[in-house]
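See structure below.
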Amino acid sequence: MIGCDCAVCRSDDPRDKRFRTSIYLSFDDGARVLVDTTPDLRSQALQHGIRRVDAILLTHAHADHLMGLDDVRRFNHLSGQPVPIYGSAATLDVVRRIFSYAFEPGASRGGGVPAIDLTPVDGPFEAAGHEVVPVPIDHGRWPIFGYRIGRFAYLTDCSAIPETSMPLLADLDVVVLDALRHRPHPTHFALGQAIAAAERIGARATYFTHMAHELGHAVTTAGLPAGMSLAWDGLDVEIG
Ligand SMILES: [Zn+2]
Ligand SMILES: [Zn+2]
Ligand SMILES: [Zn+2]
């Protein structure tokens, strides 16, 4: 955190050095799907050697998940293709407003502006040839999307999982869940709530994400139930 001298912010553990929350899915057929375009997207792509994005899934339109979208220009240049973007209609409305310059007639797509094609979704769809199931979750009072792909689900920025979404989370190998800090928060799971949700979901492995600086990696992970861990930047998880 800017201007903080706490033990986690001063930690030498690389797992305590966190960019904004995002994941990158690599499929055996070569497809690459990015979930969210954080303000750190450029640094994340450089650090982790990301050079291909076939589709983007947006969970919601908060700035920490969206504001790196302009950097998609580089992926357009590398592939020669626009990038399809999927999200709720409400999320994509915000994209159209905030990145209005990318949609102006005569905008030089693929050069000065990102070339993106927006597709609103509210049920299962295909991204880069793979089935994706939106999982409605609550982010405070705001309904947003997690996503399920096969036996993997990604639920960031979550303060509650509606009962109607629980069937979408059956039979998971791996789930990623929001866990902000120890104290309650209006729009994110606290760690105890995240553990309780993980137990209800019952995936083989659970990784927590979107941690704030109250949750140091080593000390927090040491106190978690079996099969649960804090994620970290650069963590690779193989599924299926
Ligand atoms: Zn701190
Ligand atoms: Zn958010
Ligand atoms: Zn967030």
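The letter at position 118 of the sequence shown is residue 146 when you use the working numbering, and the numbering goes up by one with no holes. Even glycine gets a Cβ: it sits at the ideal position worked out from N, Cα and C.
Just checking my contact of residue i with residue j at CB under 8 Å: how many whole Å lie between their CB atoms?
i: residue 179; j: residue 161; result: Not a contact, Cβ separation roughly 11 Å.
i: residue 237; j: residue 204; result: 5 Å
i: residue 114; j: residue 81; result: That belief does not hold up - the Cβ atoms of residue 114 and residue 81 are roughly 13 Å apart, past 8 Å.
i: residue 173; j: residue 164; result: 7 Å
Kindly indicate the opening and closing residues of the alpha helix (DSSP H) around residue i.
i: residue 132; result: Element bounds for residue 132: n/a, residue is neither H nor E.
i: residue 229; result: 219-229
i: residue 70; result: 69-76
i: residue 93; result: 91-94
i: residue 245; result: 245-250
i: residue 107; result: 100-107
Excluding five sequence neighbours on each side, which residues of the same chain lie with their C-beta closer than 8 Å to the C-beta of residue i?
i: residue 131; result: 124
i: residue 54; result: 60
i: residue 91; result: 67
If we count the other Cβ atoms within 10 Å of its Cβ and call it buried at 16 or more, is residue i buried or exposed?
i: residue 129; result: exposed
i: residue 74; result: exposed
i: residue 185; result: buried
i: residue 239; result: buried
i: residue 79; result: exposed
i: residue 77; result: exposed
i: residue 133; result: exposed
i: residue 247; result: exposed
i: residue 272; result: The first residue shown for the chain is 29 and the last is 268, placing residue 272 beyond what the model contains.
i: residue 101; result: buried
In this structure, how does DSSP classify residue i when only helix, strand and coil are distinguished?
i: residue 202; result: strand
i: residue 215; result: coil
i: residue 38; result: coil
i: residue 43; result: helix
i: residue 187; result: coil
i: residue 209; result: coil
i: residue 119; result: helix
i: residue 33; result: coil
i: residue 257; result: strand
i: residue 142; result: coil
i: residue 79; result: coil
i: residue 86; result: coil
i: residue 126; result: helix
i: residue 263; result: coil
Within the same chain, show all residues whose beta-carbon is closer than 7 Å to that of residue i, passing over the 5 residues directly before and after it, in chain order.
i: residue 245; result: 41, 43, 44, 258 and 260
i: residue 225; result: 189, 205 and 217
i: residue 241; result: 29, 32, 34, 36 and 37
i: residue 117; result: 148
i: residue 70; result: 96 and 99
i: residue 196; result: 161, 163 and 176
Starting from residue i, follow the beta strand (DSSP E) in both directions and report where the run begins and ends.
i: residue 177; result: 170-177
i: residue 196; result: Element bounds for residue 196: n/a, residue is neither H nor E.
i: residue 161; result: 158-167
i: residue 61; result: 60-63
i: residue 234; result: 233-237
i: residue 242; result: Residue 242 -> no beta strand (DSSP E), and no H or E assigned at all.
Using C-beta distances below 6 Å, list every residue in its chain close to residue i, excluding the 5 sequence neighbours before and after it, in chain order.
i: residue 89; result: 119 and 122
i: residue 72; result: 47
i: residue 200; result: 179, 181 and 231
i: residue 18; result: This structure gives no information on residue 18, because the portion of the chain shown stretches from 29 to 268.
Under 8 Å, Cβ to Cβ, is there at least one residue of chain C near residue i?
i: residue 47; result: Structure shown: chain C not included; a single protein chain is present.
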